[in-house]
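Per our numbering, the very first residue in the sequence shown carries number 17; after that it's consecutive. Just so you know, even glycine gets a beta-carbon here, dropped at the ideal spot from N, CA and C. One structure below.
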Amino acid sequence: MRLTARLACSGEMQQPGGQLAPEDPCRTNNLRMDWAASFYDRQGSWTGLYVGDPDDYYQAQAARIARLAPSARTVLELAAGGGQAAAAAADQGHLVTAIELVDRAARNAERLAETRPDLTIIQADMYEVDLGGNRFDAVVYWDGFGLGSDADQIVLLKRITSWLQADGRLLLDAYTPWYWAAAAGQESVYGRAHSRYDFDARGCRMLDRWWHEDSGEDEAVEQSLRCYSPADLALLAGAAGLEVLAVEPGGAVDYDAGTYEPEVPLRSAMSYAAALAPAEH
Ligand SMILES: C[S@@+](CC[C@H](N)C(=O)[O-])C[C@H]1O[C@@H](n2cnc3c(N)ncnc32)[C@H](O)[C@@H]1O
Numbered sequence: 017m018r019l020t021a022r023l024a025c026s027g028e029m030q031q032p033g034g035q036l037a038p039e040d041p042c043r044t045n046n047l048r049m050d051w052a053a054s055f056y057d058r059q060g061s062w063t064g065l066y067v068g069d070p071d072d073y074y075q076a077q078a079a080r081i082a083r084l085a086p087s088a089r090t091v092l093e094l095a096a097g098g099g100q101a102a103a104a105a106a107d108q109g110h111l112v113t114a115i116e117l118v119d120r121a122a123r124n125a126e127r128l129a130e131t132r133p134d135l136t137i138i139q140a141d142m143y144e145v146d147l148g149g150n151r152f153d154a155v156v157y158w159d160g161f162g163l164g165s166d167a168d169q170i171v172l173l174k175r176i177t178s179w180l181q182a183d184g185r186l187l188l189d190a191y192t193p194w195y196w197a198a199a200a201g202q203e204s205v206y207g208r209a210h211s212r213y214d215f216d217a218r219g220c221r222m223l224d225r226w227w228h229e230d231s232g233e234d235e236a237v238e239q240s241l242r243c244y245s246p247a248d249l250a251l252l253a254g255a256a257g258l259e260v261l262a263v264e265p266g267g268a269v270d271y272d273a274g275t276y277e278p279e280v281p282l283r284s285a286m287s288y289a290a291a292l293a294p295a296e297h
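Right, dumping it as structure tokens:
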């Protein structure tokens, strides 16, 4: 999503096709999560997305912590990519621990941490990492929630609950079904890498397929992310003992104009930031 926004902002977005892929209601799409390491490694190597410093986009991403979890000082960031948002959060006064799976991205995050004593990087799988009983004022998960099945999200949400202080907040970006259903068929080119969106309407998942010109589409990698309306996220969260407290709409790309609007109404947003807390019994 970040890349779609960046392509549109920079004018680098090219749309060679735009034709809609035929819908297959029986398509099951990859509910496993074992594609994640190779997908994000290759996407990162082709685009440079997870290498760099915290620019304005990441500063704005991190600034949501002060709005949605105003009393949070200690922050755990999951799936932190190149650590740019985590570094921005540290620059904004938070004490941040960031977890990231992929080498290339974790190395960039470690570089950013070298000059930031308030930023610690753990290269690990968030489904397996042992945080030794540490608890945080906020756990954040920007751009990437929805790997695997609903049952996988519930497992992760329960793990997150165990990492939160009693009055802690979980902040996450959820993808909206309406935006990604409409984006199916959109193609983009980034350098010599190509991508195409699709949508699994039955499973309510955005599909994002990438390939490089050298190897061709036969060697494509694909991410598959579950999309949740706020009402569906509330049901999912309830199953993990959490409740949704607030929702802040994100932005949207206008594919015809090739532009990105960072704040749009929820009904047309690519995603929204949700603030969750342990449900009161
Ligand atoms: C769409 S990227 C977003 C990165 C970052 N949050 C951002 O906004 O720039 C998703 C990230 O999740 C990471 N990831 C995927 N599965 C993971 C796991 N099981 N544990 C930790 N990180 C994971 C990927 O390596 C990738 O860096």
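Below 8 Å, too few C-beta pairs join the region 210-230 and the region 167-184 to call them touching: fewer than three. The Cβ-Cβ distance between residue 121 and residue 99 falls below 9 Å. The three-state secondary structure of residue 287, taken from DSSP, is strand.
Contact between the region 137-152 and the region 66-73 is absent: fewer than 3 CB-CB pairs across the two stretches fall below 8 Å. Counting other Cβ atoms within 10 Å of its Cβ, residue 109 stays below 16 and is therefore classed as exposed. Within the region 110-190, the complete beta strand (DSSP E) segments at least 3 residues long are 111-116, 135-139, 152-157, listed from N- to C-terminus. Not one heavy atom of ligand 1 falls within 8 Å of the beta-carbon of residue 289. Around the C-beta of residue 240, 16 or more other C-beta atoms lie within 10 Å, and the residue is accordingly described as buried. Here DSSP, grouped into helix, strand and coil, assigns residue 108 to coil. Leaving aside the five residues that flank residue 117 on each side, the residues in its chain whose CB is nearer than 8 Å to its CB run, in chain order, 52, 53, 56, 95, 139, 140, 141, 142. The beta carbon of residue 282 lies closer than 8 Å to those of 192, 246, 263, 265, 288 in the same chain, with the five residues before and after it left out. Close to ligand 1, as judged by a C-beta nearer than 6 Å to any of its heavy atoms, are the residues 18, 52, 56, 66, 95, 96, 97, 101, 115, 116, 117, 118, 121, 141, 142, 143, 158, 159, 160, 163, in chain order.
Here residue 230 is exposed: its Cβ has fewer than 16 other Cβ atoms, across all protein chains shown, within 10 Å. Note that the C-beta distance between residue 92 and residue 154 is below 9 Å. Our two residues, residue 218 and residue 79, have alpha carbons roughly 35 Å apart in a direct line.
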